[in-house]
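> In my numbering, the protein residues as written are 1 to 564. Take this structure first; my questions come after.
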Ligand code: SAH
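Structure (structure tokens):
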């Protein structure tokens, strides 16, 4: 079932002149909505009209201007702002569809491109108002596109109630950080140009002369901006809403090397049997907190210190007792190694102080989670093996396909599953897996370079390998472009999304639909086993997660955190 949707926009209505026609309570509501947005409402109603008391008050207070006349066409073109030739910026008709005047005003407005809204008459409107929640600079608007404003308002209230408090002030704060980073970068760039003969505005010569310093600067700038966008993308909403000045200072400073924890001499642990310190390296599953193992859940409740990776789902972080200190990795492109070192050092320091430290990872710790590396590092730091516990987690590599109704192995369709990374070391692409008709390949960390990935699967692209004829000599088989595939994003989270398509169309589909990280790509015939392709459609999109609905109905679920 497809239904019509609107183009939602945010209009800067400051100083606009809105004509409100009528005198009932709705006219009063339209006037106050206009005022909230910074517009000037003009009420058009004959002198004999009985005004709603709220309206009367606004008129008495001078907020609303009352033109005591009945409607004439000329009002539309004479009551507006001078700078737009006195045409009014929008018209609200509050008398409804039955009044013949409504239709007349509506068509006159439409003919003259004046936005018009007629109460309870969608066919006469060129725009409708959203049911809105306002918190500082944050606005959330809901429309059901004519399926009922009561319903829209109920949905808006539910959404607003599920948002953490002070989200509006967090928006202000994060906006400030963003602006500050931009300003500082701008100043730095200007500083570089000062005392230099080269005209800063002539991009090419400037960057040619100062190649190295400009590049350094760009790196620092990108790191801070990237860190900021990662904070916005990955911090749990509750945590974002509670962002402090200290957090902001850390964000601004984060382009310095973050590896700061002290390094203490080796083997203090082994020599000290009284030290009860331990490290638990645990996976937290793909997203939904019900997919935690009981072992990891217990560890969350009992740890003295939790060091969590960036991707650890919000619903899982919500289970951490309030008193437990938590640190989330400052991992963003270009800072992954530093963030990893930082957490490892903190973990080692914690164990040495006798703490139970939980290193919380997303999915499974040994599937692209650098878990092996960490265990090796703990060993190297002299932490005995019996003080290190590794707990498995449900990996996204296998659960995301499941929640997208894709069985990675399927009799007579797929007899092998390959889990791959789409991104190699130092950003270089890894060797592409070769085609096998009965193979399902799951690519993690690949969606940001989906074009390159698909190119490598479907053609010989590596000039080095080509020159040595390695691909052809080794007969690396290419994947047919009609091979079914699926992009599964935020699997098991409420905003899970599945895009089903083929290798031929997946790049275009991802470009058109945008990205919703984290996500992965599943390739192979198994994608279609439970999901027949829709005829004539290059791709299809499925929104939402219902994978545990039945379980929750049985009362087995632990429930999601309010902002999970
Ligand atoms: N250890 C993790 C994987 C870490 S690598 C695990 O076992 O799941 C991070 C990559 O995992 C992301 O780039 C994405 O490709 C994938 N991923 C993680 N969580 C996901 C989710 N909920 N839905 C889809 N893909 C996910």
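Glycine included, each C-beta is placed from N, C-alpha and C at the ideal position.
Quick check on residue 518: buried or exposed, where buried means 16 or more other Cβ atoms within 10 Å of its Cβ?
Under this definition residue 518 is a buried residue.
> So which of 279, 293, 370 has the shortest CA-CA distance to residue 309?
Checking every option, the nearest Cα to that of residue 309 belongs to 370.
> If you compare alpha carbons, which of 454, 317, 324, 312 is closest to residue 396?
Here the closest residue by C-alpha is 312.
> In terms of DSSP beta bridges, what is residue 521 paired with?
BP columns for residue 521 point to 443, 487.
> When you compare each of 458, 379, 19, 498 to residue 433 by their alpha carbons, which one comes out closest?
Checking every option, the nearest Cα to that of residue 433 belongs to 458.
> Where residue 178 and residue 228 are concerned, what is the direct C-alpha to C-alpha distance, given to the nearest angstrom?
Rounded to whole angstroms, residue 178 to residue 228 spans 8 Å at the Cα level.
> Quick check: does the Cβ of residue 362 come within less than 6 Å of any heavy atom belonging to the ligand SAH?
Yes.
> If I measure Cβ to Cβ from residue 510 and keep anything under 8 Å in the same chain, skipping five residues before and after, which residues do I get?
Only 447, 450, 487, 499 meet the Cβ criterion.
> Would residue 291 pass as a contact of residue 394 if the rule is Cβ separation under 7 Å?
Against a cut-off of 7 Å, the Cβ pair of residue 394 and residue 291 comes out as a contact.
> Where does residue 460 sit, in a helix, a strand or coil, going by DSSP?
Residue 460: coil per DSSP, three-state reduction.
> By the 10 Å Cβ neighbour count, where 16 or more other Cβ atoms means buried, how is residue 9 classified, buried or exposed?
So residue 9 counts as exposed.
> Please specify which runs of the alpha helix (DSSP H), each continuous and at least 4 residues long, are wholly inside the stretch 56-86, giving them in chain order.
With a minimum length of 4 residues, the continuous alpha helix (DSSP H) runs that stay inside the stretch 56-86 are 75-78.
> Span of the alpha helix (DSSP H) holding residue 239?
Counting along the chain, the alpha helix (DSSP H) containing residue 239 begins and ends at 237-241.
> Roughly how many whole angstroms lie between the Cα atoms of residue 352 and residue 303?
Cα to Cα, residue 352 sits roughly 15 Å from residue 303.
> Three or more beta-carbon pairs under 8 Å between the stretch 114-129 and the stretch 85-94, yes or no?
The stretch 114-129 vs the stretch 85-94: in contact.
> Pick helix, strand or coil for residue 50, following the three-state DSSP scheme.
Residue 50: coil per DSSP, three-state reduction.
> Touching or not, the stretch 151-166 and the stretch 131-141, by the rule of three or more beta carbon pairs under 8 Å?
These segments touch.
> Compute the Euclidean distance between the alpha carbons of residue 480 and residue 503, then round it to the nearest angstrom.
Their backbone Cα atoms lie some 8 Å apart in a straight line.
> I'd like to confirm the pairing. Which residues does DSSP put opposite residue 40 in its beta bridges?
Answer is 17, bridged to residue 40.
> Distance, Cα to Cα, residue 3 vs residue 72?
If I take the Cα positions, the gap works out to 37 Å.
> Would you decide whether residue 439 is buried or exposed? Buried here means 16 or more other CB atoms lie within 10 Å of its CB.
That one is buried.
> On the three-state DSSP scale, how would you describe residue 104?
It is helical.
> DSSP state of residue 415, grouped into three classes?
In the structure shown, residue 415 sits in coil (DSSP, three-state: anything other than H, G, I, E or B).
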